[in-house]
Structures are given as structure tokens and as C-alpha cells.
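Numbering (this note's numbering), first residue to last: 44 to 485. Positions of the beta carbon are idealized from the N, C-alpha and C atoms, including for glycine. Keep in mind it's a predicted model, so treat the numbers as computed, not measured.
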Amino acid sequence: MDPSIFHPDFKPRPFWWEAVEIGDEEQAEPPSRADVVIVGGGLTGLNCAIELGRGGAKAVVLEAEELGFGASTRNGGGISGGNSVGKGLSGSKARQSPAEEQDWLREIIGGASEGLSYIEALIQREDIACHYERTGRFVGAWAPKHYEGMAGKLDALNRYGEADAYMLPRERQREEMASDFYRGGMVVNRTGKLHPALYHRGLMDAARRHGAMLVGHTRAGALTRTAGGWRVETSRGAIEANEVVIATNGYTGDLTPDLKRRIIPVASHIIATEEIEPDLARSLIPKGRTLADSCRILCYYRLSHDNRRVIFGGRPRFTQVPPETSAPLLHGMMLARWPQLKGVRVTHAWTGNLAFAFDYLPHMGVTPKGLHYAMGCNGSGVAILSWLGAEVGRKILGKSNRAPVFDGRDFPTRAFYTGKPWVLPLVGNWYRFRDWLDRRAA
Ligand SMILES: Cc1cc2nc3c(=O)[nH]c(=O)nc-3n(C[C@H](O)[C@H](O)[C@H](O)COP(=O)(O)OP(=O)(O)OC[C@H]3O[C@@H](n4cnc5c(N)ncnc54)[C@H](O)[C@@H]3O)c2cc1C
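Structure (C-alpha cells):
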């Protein structure tokens, strides 16, 4: 570990928490009855609660830790449109006839793009001050064959997701970032960015305004069927409810073993740098877009909401490691892309859990036992899980005009998988090797 990369004021916690003190809320007592109990106090659970409240139902959101503990206040704040499903597009139907492939792309990209429309309308309707901007994203090609792969998806993204995307050859890459690191890439205009902790706090305020009760530090325990619905045991008493929603994504645990075995929890890590000179900051990403790359050990990065720091995220390890371990790895990846940041120190480093599904798609539905759920963000959940959380609420209210394409799909698992992904470090090494090969071949 190189100690010189750490600023003297280094904090192993999210930079976003400087704007919102997570856990400063007064703790509400859980009630003994509610229309709906929502397990998980992140953006999925809160959007569900808002929608239920708008429809006149009384929701109680249970969060095992502080409200805002999970990925919802730890993410990079990149907001995807139809491009959020990425690898999910290579599903089995994509390899059938050309007509079936087009139907598949229309369905999945079109469905995913609804997340962005939803979140933009929500932020406006609920007046959430979270520095949301539709900035667009540049996805850098790690190798020429990745550039070709992206170019092959361009037409479908524009046609079915209205992505307003175009390919940018390597000679023009400096229009988007002060680096020649990539082999060109794709610009996707229909994407944005926000401040995750302010978005989450705005959702909490909106949920309360719509009548929801938010209860932190209260873990949902056993779930038992009753004549009227459910009895939810919690660490602070039992709650009777008509319906239960599971909104635990990368933190899905033994409460719902059937869902746990459909989710692969993968760690993602981020650093924030100290403030840098405004001219240098502006030069790094002239159009203020979010940046990401196409390799398997991917990085995603941007400037902070005040354009003074670099927020640099990635998956140099697929499992939880201390920020003191992930920070030097991320710092090295950042310097590979921007050598001009040599000497810029890290003030914050943190980690959180994503939830991958085996088919790389988001999922909502009802388990055979009757529990509602929305989860499986595959690294891009801010818009899409906000939307699916709200859709679960609408479904419970009986107000859905049209089921989202991700509702009720087969939610695959694998034989003998119980939710403990012990192979992740091996997968990480395999991916690293394949990235190395792709780059070397170039
Ligand atoms: C480092 C990182 C970077 C990311 N970057 C991006 C990005 O740039 N763009 C993007 O779109 N997405 C990103 N994501 C993904 C995005 O953050 C998630 O998709 C989204 O926040 C999921 O929200 P959620 O409400 O479903 O889950 P979470 O916010 O994770 O909340 C789930 C909560 O459930 C609680 N819980 C679990 N079990 C129980 C129980 N039994 N009782 C009560 N509570 C329980 C947990 O404590 C947790 O707080 C990132 C994620 C991480 C970790």
C-alpha cells in the first residue's frame, strides 16, 4: 500500500455522506399494523412506498441498518437509460432468428429505457434537489473488438431506447476526455447523473410526505402467512400486513433464501479525490459526462456534483475488501487513464454491494409464497430499480395499466447455488486475464 495516495483527512466512508449525515434520523417505533411492509430502505423500497402512499395505502419501510446504509447512497450516481441492461442483451433469444432477436432487443432495451423517463419525472414531481443533470455518458472501448461490439448495438439502442447514441473514433476521443487510453467509444446522450445521497434523502422526505413510515435499525425476521396476509417479526416487535415487499437487492439474505439463490452479490468500490484545480477538472471531462469502460473489470467515473473532485469507481475486487485495500487499486486505475492526476490524493474510499442476476437482467415479481420483490440491478440500478420499486407499488394497488417487461420473467438460479458466491475471486481473475488478452491482441 502506498500511503502517499491518502490525504491526511482520509475517511473510509462515502464522499456523498458529507452532504447528508446517514443515520442522523430520529428512530421511529415500528407500528403493529400496516397495509404493506417493505423490507429494505434503499431507493427500491422508498419508491415503492411513495407509490403506495400516492394510492392511499399505508406502507412501513424496515431498514436493518441506518436508513440509507445500502448501495443507494454509495453508488456512482450514473443514471442509465436503455443501455442499463448491457450484458443482459446477450440472452438466449438474442441468438435465435433475426426477427426474434429484434423482438428481444425491442422488448429489453425499450423496457430498460422506461427507468430513465420514470426517474426524471419523479425528481421533478417530488422536487428532489439532487443535482440531477442529463449529461450523457462516454463508454470507452478497451480494445478495438469492443468498439466493434458497441457499434453493433448502436442501432438497436437508438431505435428501441431512443438513446441518441453515436460512435466516437479514437481520433476524436479527446472531445470527451483528456486521455488516449481507449480505442474510441460510444457516446450515449440519453443518460444522466445525480448525487446519490441527496436523491435518497429526497426520496425519504417524499415517502414521509405521502404517509409512509420509515423505520431504521429494524431487521425483518421471520415472515409468516396469516389469514389476513403476513406477520413480520422484527428485531423490535411484530407487524401484521396485507402484503410484503422485498427490496434488499445486493443485501438479500436468509430472510428470503429463494431470492438469495437468484442473486449474486458483487462488491463495487469507489474513491473520491481531494479538490483539484477547476481548470484541470474541467479539462478531464469537457462535457461533464459520466465515463465508463467496456472491459470486464470495468471502471465508472465522473466529476463530483461541484466539479471539484474525481469520483472513480470500479470492481478491482469482486468481494468486500477494506477501503484501504481498494483505494490504491482504484487510484492506479485512475492514473492509467489520467496520468496528469499523479500526486492527487484520495480523501474518501468506500464499498457496497451490487446484485447480479444469472441472466444479467433486473427482475420484479411475486415469489411462490406470495412475497413481492424488485431486484437484480447488475450494476445499473438507480433508474431502473427506482422505476420497478414504484411498479411493485402500483401492482399492489391494482393500478398497473401494463406490466413492465421485467415483471414475472423467469428468475434463474443455478444448481447447488445458495447465495454464497465463493467462486467470485476466481471469476475476477478469469475476467482480468481475458481483459489482458483483449488488450494485448489489440
Ligand atoms: C459502489 C456502487 C456503485 C454503483 N454505481 C451505480 C451507478 O453509478 N449507477 C447505477 O445506476 N447504479 C449503481 N449502483 C447500483 C445501485 O446503487 C443499486 O442498484 C441500487 O442502489 C439498489 O437499491 P436498493 O434499494 O434495491 O438496494 P440497497 O440500496 O442496497 O438497499 C437494500 C437495503 O436492504 C437492507 N436489508 C437487507 N436485509 C434486510 C432485512 N432483513 N431487514 C431490513 N432491511 C434489510 C440493507 O441493509 C440495505 O440497506 C452502484 C452500486 C454500488 C454498490
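So, residue i versus residue j, is the Cβ gap smaller than 7 Å?
| i | j | result |
| --- | --- | --- |
| Thr261 | Pro73 | yes |
| Phe224 | Arg380 | yes |
| Thr178 | His312 | no |
| Cys91 | Val288 | yes |
| Trp60 | Ala240 | yes |
| Ile340 | Arg477 | no |
| Lys303 | Gly462 | yes |
| Ile122 | Ala199 | no |
| Val80 | Val275 | yes |
| Val387 | Ile319 | yes |
| Ala155 | Gly129 | no |
| Ala263 | Ile314 | no |
| His189 | Ser337 | yes |
| Met220 | Met193 | no |
| Arg305 | Thr456 | yes |
| Ile65 | Glu106 | no |
| Thr362 | Leu246 | no |
| His243 | His174 | no |
| Ala281 | Ala102 | no |
| Ala426 | Leu159 | yes |
Taking only heavy atoms of ligand 3 into account, decide whether any of them is closer than 6 Å to the Cβ of residue i.
| i | result |
| --- | --- |
| Asp146 | Because ligand 3 does not appear in the structure shown, any question about it cannot be addressed here, the ligands present being ligand 1. |
Have a look at the options and flag the residue whose alpha-carbon is nearest the alpha-carbon of residue i.
| i | options | result |
| --- | --- | --- |
| Ser133 | Ile439, Cys420, Trp147, Ser326 | Trp147 |
| Leu165 | Ala186, Ala100, Arg202, Ala250 | Ala250 |
| Val104 | Gly98, Leu86, Thr116, Gly119 | Leu86 |
| Arg325 | His348, Val82, Ala335 | His348 |
| Glu163 | Trp473, Trp430, Thr456, Gly462 | Trp430 |
| Thr267 | Arg252, Gln363, Arg445, Glu283 | Glu283 |
| Asp207 | Tyr190, Glu191, Ala433, Arg233 | Arg233 |
| Arg358 | Arg352, Pro371, Glu286, Glu150 | Pro371 |
| Val231 | Gly111, Ala335, Leu95 | Ala335 |
| Phe49 | Arg483, Ser278, Glu367 | Glu367 |
| Arg483 | Glu144, Gln139, Glu169, Arg226 | Arg226 |
| Ala100 | Asn285, Trp465, Asp322, Ile427 | Asn285 |
| His253 | Glu169, His243, Arg279, Ile65 | Glu169 |
| Phe399 | Leu384, Lys385, Gly422 | Gly422 |
| Gly495 | Asp402, Trp473, Asn472 | Summary: the structure shown does not reach residue 495, with the chain confined to residues 44 through 485, and so no result is reported for it. |
| Glu434 | Pro55, Arg97, Ser47, Glu68 | Arg97 |
| Arg213 | Asn472, Gly183, Leu197, Trp465 | Gly183 |
| Trp273 | Lys236, Leu414, Phe355 | Leu414 |
| Arg149 | Gly111, Tyr203, Ser140, Tyr161 | Tyr203 |
| Glu176 | Lys196, Lys236, Tyr161, Glu157 | Lys236 |
Would you call residue i buried or exposed, if buried means 16 or more other Cβ atoms sit within 10 Å of its Cβ?
| i | result |
| --- | --- |
| Gln167 | exposed |
| Leu89 | buried |
| Gly271 | exposed |
| Lys412 | exposed |
| Gln216 | buried |
| Thr390 | buried |
| Thr316 | buried |
| Gly113 | buried |
| Phe52 | Correcting the residue identity first, residue 52 is Asp in this sequence and not Phe. So Asp52 counts as exposed. |
| Pro83 | Checking the sequence shown, residue 83 turns out to be Gly, not Pro. Per the 10 Å Cβ criterion, buried. |
| Trp185 | buried |
| Glu143 | exposed |
Would you say residue i faces chain B, with C-beta separation under 7 Å as the test?
| i | result |
| --- | --- |
| Ala172 | Reference to chain B is not applicable here, since this structure consists of a single protein chain. |
For this session: Would you check if there are 3 or more beta carbon pairs closer than 8 Å linking the region 445–462 to the region 404–422?
Result: yes
Exercise. Quick check: the region 411–431 against the region 289–303, are there 3 or more CB pairs under 8 Å?
Worked result: yes
Problem set entry | beta strand (DSSP E) runs contained entirely in the region 318–345, provided each spans 3 or more residues | 333–336
For this session: Check whether the region 373–388 touches the region 334–353, taking contact to mean three or more Cβ pairs, one atom from each stretch, closer than 8 Å.
Result: yes
Exercise. Does the count of Cβ pairs from the region 109–120 and the region 51–60 closer than 8 Å reach three?
Worked result: The region 109–120 vs the region 51–60: in contact.
Problem set entry | Cβ contact (3+ pairs, closer than 8 Å) linking the region 436–443 and the region 329–337 | no
For this session: Jot down the residue ranges of each uninterrupted alpha helix (DSSP H) in the region 417–481, minimum 4 residues, whole runs only, in chain order.
Result: 425–440
Exercise. Whole alpha helix (DSSP H) runs in the region 52–129 with 4 or more residues, listed along the chain?
Worked result: 86–97
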